[in-house]
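Q: According to UniProt numbering, the residues represented by the sequence shown are 1 to 202, in order. Positions of the beta carbon are idealized from the N, C-alpha and C atoms, including for glycine. I have a structure here, written as structure tokens, and I will follow up with some questions on it.
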Amino acid sequence: MFNLILFGPPGSGKGTQSDRLVEKYGLIHLSTGNLLRSEIAEKTPLGIEAKNFMDKGQLVPDEVVIGMIDNSLEQHREAKGFLFDGFPRTANQAKALDKLLHLKKTAIHSVLALDVSEDELVKRLLERGKTSGRSDDTSEDVIRKRFAVYQQETTAVADHYKALHRFKTVPGEGSVEDISNALSAQIDKVLERQREEEEAFD
Ligand code: ADP
Numbered sequence: 001m002f003n004l005i006l007f008g009p010p011g012s013g014k015g016t017q018s019d020r021l022v023e024k025y026g027l028i029h030l031s032t033g034n035l036l037r038s039e040i041a042e043k044t045p046l047g048i049e050a051k052n053f054m055d056k057g058q059l060v061p062d063e064v065v066i067g068m069i070d071n072s073l074e075q076h077r078e079a080k081g082f083l084f085d086g087f088p089r090t091a092n093q094a095k096a097l098d099k100l101l102h103l104k105k106t107a108i109h110s111v112l113a114l115d116v117s118e119d120e121l122v123k124r125l126l127e128r129g130k131t132s133g134r135s136d137d138t139s140e141d142v143i144r145k146r147f148a149v150y151q152q153e154t155t156a157v158a159d160h161y162k163a164l165h166r167f168k169t170v171p172g173e174g175s176v177e178d179i180s181n182a183l184s185a186q187i188d189k190v191l192e193r194q195r196e197e198e199e200a201f202d
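Written out as structure tokens, the structure reads:
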């Protein structure tokens, strides 16, 4: 199996790049943001609760998103691997993910972080807000709040994976194509190492 986390602040292009990477590597895309938005669209109790947090730029409680990820992993038992997008966002979520994957006799193999300046991020999100229908993309205050939450919570997530030597930063500004190529180059390196290890084991 190959499990990847695409990491980076709101607006860094995780969604765009995820679409390309899941196609190229045959992974299942798990975006907690997308899962939450479909709960909201279906007006489920979970969606109604989550919307209150999301509209303010706050994180949805850990147990809610961890439960969603657990269900999704169960639904795709035969997957070749997963691409996690927007998850884990807190140290607790990272620990829970490690446990869930460990139960399935697998782990996170790579964490790739997209690096984009804050000015560029605000510009992209306000632009996306004009057409995405996402209420959290239309107010600069909510956008700034999401960055603040990202800084506060996600540094611990990065540290968690840096300690495991699985963390790499990739430039997130430039053409979509160039960024995909940079991400793919990193993934190919990890896959190659995985293959070598498997061969040595045989
Ligand atoms: P963005 O990265 O642009 O903020 P997402 O779609 O990843 O977009 O997330 C939108 C909102 O959904 C977040 O601001 C947060 O409220 C909620 N959310 C998404 N993923 C998580 C998560 N792993 N933990 C807690 N809240 C989350």
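Which ranges would you report for the beta strand (DSSP E) in the segment 97-178 if only whole runs of at least 3 residues count?
A: 110-115 and 167-171
Q: Going by the C-beta, is V65 closer than 7 Å to any heavy atom of ligand 1?
A: yes
Q: Enumerate in chain order the residues of its own chain whose CB-to-CB distance from L30 is below 6 Å, with the five nearest sequence positions on each side excluded.
A: Correct list, in chain order: S72, F82 and F84.
Q: Rounded to whole angstroms, what is the Cα-Cα separation between D159 and L4?
A: 16 Å
Q: For my contact list, A79 and V170 are in at a C-beta cut-off of 8 Å; report their separation, rounded to the angstrom.
A: The pair is not a contact, with the Cβ atoms about 24 Å apart (cut-off 8 Å).
Q: Over the uninterrupted beta strand (DSSP E) stretch that includes S31, give me the two end residues.
A: I28 to S31
Q: Could you tell me the alpha carbon to alpha carbon distance between K189 and K43, rounded to whole angstroms?
A: 42 Å
Q: Reducing DSSP to helix, strand and coil, say where D11 ends up.
A: What sits at residue 11 in the sequence shown is Gly, not Asp. The answer is coil: DSSP assigns G11 none of H, G, I, E or B.
Q: Given this structure, state the Cα-to-Cα distance separating T90 from F147, to the nearest angstrom.
A: 14 Å
Q: Should the segment 10-22 be called in touch with the segment 88-102, which here means at least 3 C-beta pairs below 8 Å?
A: The segment 10-22 is not in contact with the segment 88-102.
Q: DSSP has G67 in a bridge; who is on the other side?
A: DSSP output for G67 lists no bridge partner at all.
Q: If we cut at 8 Å on Cβ distances, does P171 have a partner in chain E?
A: The structure shown contains no chain E, having only a single protein chain.
Q: Given that a residue counts as buried once 16 or more other Cβ atoms are within 10 Å of its Cβ, and exposed if not, what is F7?
A: buried
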